[in-house]
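Engineer: Residue numbers (the working numbering): 4 to 145. Virtual Cβ for every residue (Gly too), placed ideally from N, Cα, C. Just so it is clear, the structure is predicted and the values come from calculations on it, not from any experiment. Quick one: structure below, then a few questions.
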Amino acid sequence: MKKTILAMLCILTLSSCGTSSGGGRFDFTDGAYDIRNEEHYYADEREQDQLGDALAEKEDQIEELERELYEANERIMELELQIDRMDYNVLPEEANYVGDLLTYQFHNMYCDIPKDENYCTYFWTREEAINNDMSPCPVCNP
4 MKKTILAMLC ILTLSSCGTS SGGGRFDFTD GAYDIRNEEH YYADEREQDQ LGDALAEKED
64 QIEELERELY EANERIMELE LQIDRMDYNV LPEEANYVGD LLTYQFHNMY CDIPKDENYC
124 TYFWTREEAI NNDMSPCPVC NP
């Protein structure tokens, strides 16, 4: 009888060895699960690297678009200045005053302060310059 009980205990122990997840026994499914988790970890790491690369690429694209936008705004500003000059219909050789659109100061035509011709507008009268939000130059005091 002792041999029968001992044999039954051995059979029960051996049959539960591969399916139980506790009691200090080796569990084949837990081992496989751990390996799969490790593979998921490495897959997640690869995905994070790919996402990081994609993010860096998008940031570069954003920087390029911001640069293009800045250049476009500069060009728009130049065109607006040209339009402003056209609205006055004052030719430089006919004008009495020149306005600097960067500093918003106006000067007499012979003032020594250097002016960028790309940012100049011209006026016949002092009042016209003041009405266009220009202030008189402190050097030539037009």
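1) Kindly indicate which three-state DSSP category D52 falls into: helix, strand or coil?
2) From the DSSP output, in three-state form, read off D146 for me.
3) Comparing alpha-carbon positions, which option in C123, D136, N99, K61 lies nearest E81?
4) In whole angstroms, what separates the C-alpha of Q53 from that of D47?
5) What do you get for V101, buried or exposed, if any count of 16 or more other CB atoms within 10 angstroms of its CB means buried?
6) Can you grab the Cα-Cα spacing for the pair N144 / A98, in whole Å?
7) The beta strand (DSSP E) that contains N111, what's its start and end?
8) Quick check on DSSP: helix, strand or coil for D119?
9) Suppose you measure from the CA of A57 to the CA of L72; what does that come to, to the nearest Å?
10) State the start and end residues of the unbroken beta strand (DSSP E) segment that holds V142.
Structural biologist: Checking against the coordinates, here is how it stands:
1) helix
2) With the chain covering only 4 through 145, there is no way to say anything about residue 146.
3) C123
4) Rounded to the nearest angstrom, the two C-alpha atoms are 10 Å apart.
5) buried
6) Using only the alpha carbons, I get a separation of about 16 Å.
7) 108-111
8) coil
9) 22 Å
10) V142 -> no beta strand (DSSP E), and no H or E assigned at all.
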